[in-house]
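*Asks:*
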Amino acid sequence: MYVVIMGGGKMGRNLASFLIADGHDVTLIESDQELCNEASSELDAMIICGSGTNAKVLKEANLDDADVFVAATGNDEVNLLASILVSEFKNTKIIARLSDPSHSSAFKKIGIDSVVSPEITTASYVEKLIIRPKIADLVVMGKGDAELLDIKLENEKSIGKKIGDVSPNDNFLIVAVYENGNLIIPKPEMVLKKDMKISILVKTKYAQNVMKRFTNL
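Residues in the sequence shown are numbered consecutively from 59, following the numbering used here.
#1: For residue 234, which residues in the same chain have their Cβ closer than 6 Å to its Cβ, ignoring the five residues on either side in sequence?
#2: Which stretch, first to last residue, makes up the alpha helix (DSSP H) that contains residue 97?
#3: What is the DSSP secondary structure of residue 227, reduced to helix, strand or coil?
#4: Measure from the alpha carbon of residue 137 to the alpha carbon of each residue in 120, 156, 145, then state which is nearest.
#5: Ends of the alpha helix (DSSP H) at residue 269?
#6: Quickly, what does DSSP pair residue 234 with across the bridge? List them, please.
#7: DSSP three-state call for residue 145: helix, strand or coil?
#8: Which same chain residues end up closer than 8 Å to residue 66 when comparing Cβ atoms and leaving out the 5 residues on each side of it in sequence?
#9: Within 10 angstroms of the Cβ of residue 141, are there 16 or more other Cβ atoms? Answer buried if so, exposed if not.
#10: Using the Cα positions of residue 262 and residue 133, report the straight-line distance between them to the nearest angstrom.
#11: Between which two residues does the alpha helix (DSSP H) harbouring residue 166 extend?
#12: DSSP has residue 72 in a bridge; who is on the other side?
#13: Could you check the C-alpha separation between residue 216 and residue 115 for me, to the nearest Å?
Printed below as a string of structure tokens:
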């Protein structure tokens, strides 16, 4: 996967580091020369010292080939403008950091895929949004060793099975199901149905396996 990150602050550099460690290709865009120098010394990534709101800089970052663009600066206006420019690249998923909740409607209007606020904006959280696209929602719990995933049931191997036959086990627990928008506490005899939304409490290190079990990841 190829990811372009705008913002060479702590969050941007940490996110880049996580993604590189997982084997993904990363380009980091940062306008501050000092931060560019720090990123160059820390990361095995392409570093572009320039503004992410400059169309020429975005072309230099090969946005045509990018799977994901992350606007990670602490400036909502910069993140919004960059996201608008990147939205012209049809195949690029956009994740934007939002500092002021009153700006959320502006971000939603341009069709940004995910908006994250400072309260939940950790690099590890954003990484999960990137590498687990089937997640409808995600909550990181405890000390980061457990997650609550909201996903849509797609895997034919799980469809038609009783909840009691698959959950709980040592690594995950189905804690809720949703039918017609209503939350239902699962009972062992309930049958898993195609496209049913389910909430799963899972140990973080087993999250990817659980995703594969219930979705077409």
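We put the CB at the ideal spot given by N, CA and C, even for glycine.
*Replies:* So, from the data block:
#1: Cβ neighbours of residue 234 beyond the five flanking positions: 241, 257.
#2: Looking at the DSSP string, the run of the alpha helix (DSSP H) that includes residue 97 is 91-100.
#3: In the displayed model, residue 227 falls within coil according to three-state DSSP, outside both helix and strand.
#4: That would be 156, whose Cα lies nearest to the Cα of residue 137.
#5: Element bounds for residue 269: 265-272.
#6: Residue 234 pairs with 257.
#7: When DSSP states are grouped into helix, strand and coil, residue 145 belongs to the coil group.
#8: 86, 87, 88, 90, 93, 94, 96, 97, 105.
#9: Around the beta-carbon of residue 141, 16 or more other beta-carbon atoms lie within 10 Å, marking it buried.
#10: Straight-line Cα distance between these residues: approximately 31 Å.
#11: Taken as a continuous stretch (DSSP letters only), the alpha helix (DSSP H) holding residue 166 covers 162-167.
#12: Per DSSP, none; premise fails for residue 72.
#13: Cα to Cα, the separation comes out at about 46 Å.
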